[in-house]
Amino acid sequence: WAQSLIYFPANIAALSIIFATQLTNLLQLSTDYLLLIAVITAVSVTGLNLLGTKVGASVQSVTLIVKLIPIAVIVIWGLLTPGQGTVQLFPIEAGKDVTFVEGLSSALLATLFAYDGWLGVGAMAGEMKRPEKDLPKAIILGLSFVTVVYLLINFVFLKTLPIDHLAGNLNAASEASDIIFGGIGGKLVTIG
Numbered sequence: 022w023a024q025s026l027i028y029f030p031a032n033i034a035a036l037s038i039i040f041a042t043q044l045t046n047l048l049q050l051s052t053d054y055l056l057l058i059a060v061i062t063a064v065s066v067t068g069l070n071l072l073g074t075k076v077g078a079s080v081q082s083v084t085l086i087v088k089l090i091p092i093a094v095i096v097i098w099g100l101l102t103p104g105q106g107t108v109q110l111f112p113i114e115a116g117k118d119v120t121f122v123e124g125l126s127s128a129l130l131a132t133l134f135a136y137d138g139w140l141g142v143g144a145m146a147g148e149m150k151r152p153e154k155d156l157p158k159a160i161i162l163g164l165s166f167v168t169v170v171y172l173l174i175n176f177v178f179l180k181t182l183p184i185d186h187l188a189g190n191l192n193a194a195s196e197a198s199d200i201i202f203g204g205i206g207g208k209l210v211t212i213g
């Protein structure tokens, strides 16, 4: 009941607000439209999922491709072009202004949505033909794929921008993509 009444509605609301924010930035709309776009997004996505599993799965497949194409282009192009920053995967000094718990909490919050999908895989077990084989495979392969993509794109961002410019920057992905591709880069990230 907690997932149905609290977690999923909050998740839909948060993602709808993020989508609306990105869309208003991309189309250079007034922030006055933010709430309206977020509500339309939440209602539309919920409505599509109410149409059935096949419709929901089709929409998810299309949006996955739309998201992965820009990410793949950024990763490939970013790996092939020289960067401005030096990539130091294990910095000698951690941030001095935060405790370990604060740093870990911030990192977990920042990556929460990237790895959140594995929670929904268990709910699909009833619709799988061989859940005992397919469920572990889906979880392991899905998490592995997301982890590799996440690490690659962050490697490109670290390679493109200095670490002190990335820290606390909410538009780091757009800025790194602008450096890689020019003015169209930020739009490519927003679409993805």
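To convert, count from 1 in the sequence shown and add 21; that's this note's numbering. Glycine residues also receive a C-beta, built at the ideal position from the N, C-alpha and C atoms.
- When rounded, the separation of the alpha-carbon atoms in ASN175 and ALA197 is 10 Å.
- Bounds of any alpha helix (DSSP H) do not take in THR52, whose DSSP letter is neither H nor E.
- Residue ILE92 holds the alpha-carbon nearest to the alpha-carbon of LEU173 among LEU156, ALA34 and ILE92.
- VAL142 sits close to LEU156, with the two beta carbons spaced by under 8 Å.
- Closest in C-alpha terms to TYR54, from the list ILE38, LEU69, GLY68 and VAL64, comes ILE38.
- The Cβ-Cβ distance between VAL96 and VAL177 falls below 8 Å.
- For PRO152, the secondary structure class from DSSP, reduced to helix, strand or coil, is helix.
- Note on SER79: under 16 other CB atoms within 10 angstroms of its CB, so exposed under the neighbour-count rule.
- Look at GLY124 here: in three-state DSSP terms it is helix.
- Nearest neighbour of LYS75 by Cα position, chosen from ILE160, ALA194, LEU209 and GLU148, turns out to be GLU148.
- Here DSSP, grouped into helix, strand and coil, assigns LEU182 to coil.
- Between the C-alpha atoms of THR120 and ASN192 there is a straight-line separation of about 24 Å.
- Collapsing the DSSP output to three states places PRO30 in a helix.
- Rounded to whole angstroms, GLU123 and ILE161 show a C-alpha spacing of 29 Å.
- Per the coordinates, the alpha-carbon of GLY206 lies some 4 Å from the alpha-carbon of ASP199.
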